[in-house]
Amino acid sequence: MEKFKEEMLAFRKGIEEYKERSELEMKKFKEELNRKWGELARKMGTIVEDIIAPGAPDAIYRKFGVEILDLMVRRKVKDKNRNTEEFDLIMIGEDDKVYLVEVKSTPTVEAVLGVINKVTRLKEILYPDREIVPIFGSLYVSDDIVNFATKNSIYVLGMKGEYLEVLN
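Letter by letter, the sequence shown follows residues 10 to 177 in the numbering used here.
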């Protein structure tokens with residue numbers, strides 16, 4: 010009977026050690042997974058710098074025949090109340106118009122409508138006397154979203170084949 014108790018204690022100890030190792034491994038796995046998700050989120054956040062900004066001036070030229078003279082990526086400005094506003098991509102054309110591109114990795118109706126608010130803010134803060142051309146940018150944009158944007162007088166910038174194009 011004494012031997013049985015010793016075996017049971019040893020078994021319990023083994024189970025406890027296994028449980029502790031498993032919990033530690035699970036914690037490390039979760040930390041690694043969270044780190045990878047963070048890297049992916051940061052990478053998706055650079056869609057503006059990596060893809061949209063380099064291709065946007067050419068897409069604007071092909072659509073409107075306008076040369077872009079100035080390009081600002083992730084422009085942060087403060088309004089008169091010291092509130093910070095960030096604009097994904099602001100381009101100044103040779104036609105003196107301001108082309109505002111707001112970029113989202115996931116195109117939604119709400120995201121498209123958000124461009125209207127950004128246009129209003131940009132006009133209030135930086136360009137009260139200039140025409141602002143609203144553009145929604147994403148890699149892939151469904152026809153439904155393009156049609157919705159068109160009905161709301163918003164251009165859509167997205168991939169078409171190998172090139173970034175104004176889709177409407």
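The C-beta atom is built at its ideal place from N, Cα and C for all residues, glycine as well.
Subject >> N-terminal and C-terminal residue of the beta strand (DSSP E) that proline 143 is part of >> reply: Numbered from 1 along the sequence shown, position 134 holds the residue referred to as residue 143. That run of the beta strand (DSSP E) goes 141-146.
Original post:
What number of angstroms, rounded off, separates the C-alpha of valine 124 from the C-alpha of glutamate 111?
Top reply: If you number the sequence shown from 1, residue 124 lands on position 115. If you number the sequence shown from 1, residue 111 lands on position 102. Distance between the alpha carbons of valine 124 and glutamate 111: 6 Å.
**OP:** Tell me, to the nearest whole angstrom, how far the beta carbon of phenylalanine 145 is from that of valine 121; I am working on the premise that it is less than 8 Å.
**Re:** Within the sequence shown, the letter at position 136 stands for residue 145. Within the sequence shown, the letter at position 112 stands for residue 121. 5 Å between Cβ atoms; contact.
Original post:
Quick one: what's got a C-beta closer than 7 Å to isoleucine 134's C-beta in the same chain, skipping five residues either side?
Top reply: Counted from its first residue, the sequence shown places residue 134 at position 125. These residues qualify, in order along the chain: Val86, Asp88 and Glu94.
Subject >> Presumed contact (8 Å Cβ cut-off) between tyrosine 164 and valine 175, rounded CB distance >> reply: Position 155 of the sequence shown, counting from 1, holds the residue named residue 164. Position 166 of the sequence shown, counting from 1, holds the residue named residue 175. That belief holds up - the Cβ atoms of tyrosine 164 and valine 175 are roughly 5 Å apart, short of 8 Å.
Subject >> Extent of the continuous beta strand (DSSP E) run through threonine 93 >> reply: For this step, residue 93 is matched to residue 84 along the sequence shown. Counted as a single uninterrupted DSSP element, the beta strand (DSSP E) harbouring threonine 93 occupies residues 93-102.
Original post:
What is the DSSP secondary structure of isoleucine 134, reduced to helix, strand or coil?
Top reply: The residue given as residue 134 occupies position 125 in the sequence shown. Helix, per DSSP.
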